[in-house]
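Enquirer: A single structure is presented below for examination.
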Amino acid sequence: MALVFYHGHGSPYSWRVWLALEHMGIDYEVKVLSFADGDTKKPDFVAINPRHHVPTIVDGGFALWESTVILEYLDERFAPGDAAKRLYPGDVRDRARIRRLAREAEEYLGNEGINPVTEEYFFKDGAAPDAAKVEKARVKVREELEYFAREMRAGFLAGDTPTAADYVLYSYYAYVARLTLRKPEVRLTELVPAPIAQWGKRIEALPFFDKTYPPHWR
Ligand SMILES: N[C@@H](CCC(=O)N[C@@H](CS)C(=O)NCC(=O)O)C(=O)O
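The following block contains the structure:
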């Protein structure tokens, strides 16, 4: 039976899991939940995931949530013979570095950069964004993108194929363009160093990328 993947378009946490499922070539069925319709809070879904979050996967009756934990599970459970398809390839230190980069993207670029900007512009019930908070987050976005540019190895963070760290980083990076499109005054795109812009294009050129792109962003 195919693994079931509960997804919400536009969620960075869910997007990284979809990219990973495709990357590994796993047989899955995607079920898209609508935030606008409150699907995550409906009893059928809460019975599967009491935290009512996407992403959630169900693999042969085993339900799992928390995006980065799902990435590690997929890698261990479906580890292909093909090293280029692993999400955490390499030896114990290579794999630890990939986990570190994924964690850093989450904590510093996401939680201290992208998420506060999103919060200020979209989750304040129409109240004006706090300029000092936005500026602090902008500085963080710039510093973090420069940091990740220095961490690039060959075309991607860990070599010449993407890993879990690239998918976690990309799921936040996509918001740089998205937030600037929706709120041009935030000017996040001007903070992107050239190596990160080039890396972003390589992710977007992956054969399965388009399929995972949020339809309402087109
Ligand atoms: N730490 C979680 C965060 C997941 C999360 O916050 N998902 C949000 C969408 S971005 C969600 O499902 N919200 C719907 C709800 O809370 O009902 C992860 O990494 O998977």
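Here our numbering is used: the first residue of the sequence shown is 1, the next is one more, and so on.
Don't be surprised by glycine CBs; every beta carbon is placed ideally from N, CA and C.
Determine the DSSP secondary structure at Y88, reduced to helix, strand or coil.
Expert: coil
Enquirer: Does the stretch 43-50 come within contact of the stretch 83-92, defined as at least 3 CB pairs closer than 8 Å?
Expert: no
Enquirer: What does the alpha-carbon distance come out to for the pair I26 and K140?
Expert: 35 Å
Enquirer: Does the distance from the CB of G155 to the CB of R202 come in under 9 Å?
Expert: yes
Enquirer: Have a look at H53, D75, R93 and flag the residue whose alpha-carbon is nearest the alpha-carbon of G38.
Expert: Ranking the options by Cα distance to G38, first place goes to H53.
Enquirer: Return the bridge partner residues of E104 from the DSSP annotation.
Expert: Here E104 is not bridged, per DSSP, to any residue.
Enquirer: Any chance the CB of Y13 is under 8 Å from a heavy atom of ligand 1?
Expert: yes
Enquirer: Taking all protein chains shown into account, do 16 or more other C-beta atoms lie within 10 angstroms of the C-beta of R95, making it buried, or fewer, making it exposed?
Expert: buried
Enquirer: Considering only residues of the stretch 34-91, which uninterrupted beta strand (DSSP E) runs meet the minimum length of 3 residues and lie entirely inside it, listed in chain order?
Expert: Taking only runs of at least 3 residues, the beta strand (DSSP E) segments lying wholly in the stretch 34-91 are 56-59, 62-65.
Enquirer: Starting from the Cα of H23, find the closest Cα among W217, T212, H216 and give me that residue.
Expert: Out of W217, T212, H216, T212 has the C-alpha closest to the C-alpha of H23.
Enquirer: If you measure between the beta carbons of A191 and R150, is that distance less than 9 Å?
Expert: According to the sequence provided, residue 191 is Leu. The question's Ala does not apply to it. The beta carbons of L191 and R150 sit no closer together than 9 Å.
Enquirer: For G200 and A177, what's the separation of their Cα atoms in angstroms?
Expert: 11 Å
Enquirer: Can you name the start and end residues of the beta strand (DSSP E) that Y173 belongs to?
Expert: Note, Y173: premise wrong, no beta strand (DSSP E); alpha helix (DSSP H) at 164-182.
Enquirer: For P80, does the count of other Cβ atoms within 10 angstroms reach 16, so buried, or fall short, so exposed?
Expert: exposed
Enquirer: Between which two residues does the beta strand (DSSP E) containing V117 stretch?
Expert: Segment 115-122 is the alpha helix (DSSP H) holding V117; no beta strand (DSSP E) there.
Enquirer: Which first and last residues belong to the beta strand (DSSP E) in which H7 is found?
Expert: It spans 3-7 - the beta strand (DSSP E) in which H7 sits, taken as one unbroken run.
Enquirer: Can you give the Cα-Cα distance for N111 and W18, rounded to whole angstroms?
Expert: 21 Å
Enquirer: What residue does the alpha helix (DSSP H) around E29 start on, and which one ends it?
Expert: First-last for E29: 28-32, but that is the beta strand (DSSP E), not the alpha helix (DSSP H).
Enquirer: Measuring only from the beta carbon, is W65 closer than 8 Å to any heavy atom that is part of ligand 1?
Expert: yes
Enquirer: To which residues of the same chain is K136 closer than 7 Å at the C-beta, ignoring the five residues directly before and after it?
Expert: Cβ within range, chain order: n/a, list empty.
Enquirer: What residue range does the alpha helix (DSSP H) around L145 cover?
Expert: 131-151
Enquirer: Let me check understanding here. Comparing Cα to Cα, which of A63, T68, L33 lies closest to Y13?
Expert: Minimum Cα-Cα distance from Y13 among the listed residues A63, T68, L33 corresponds to T68.
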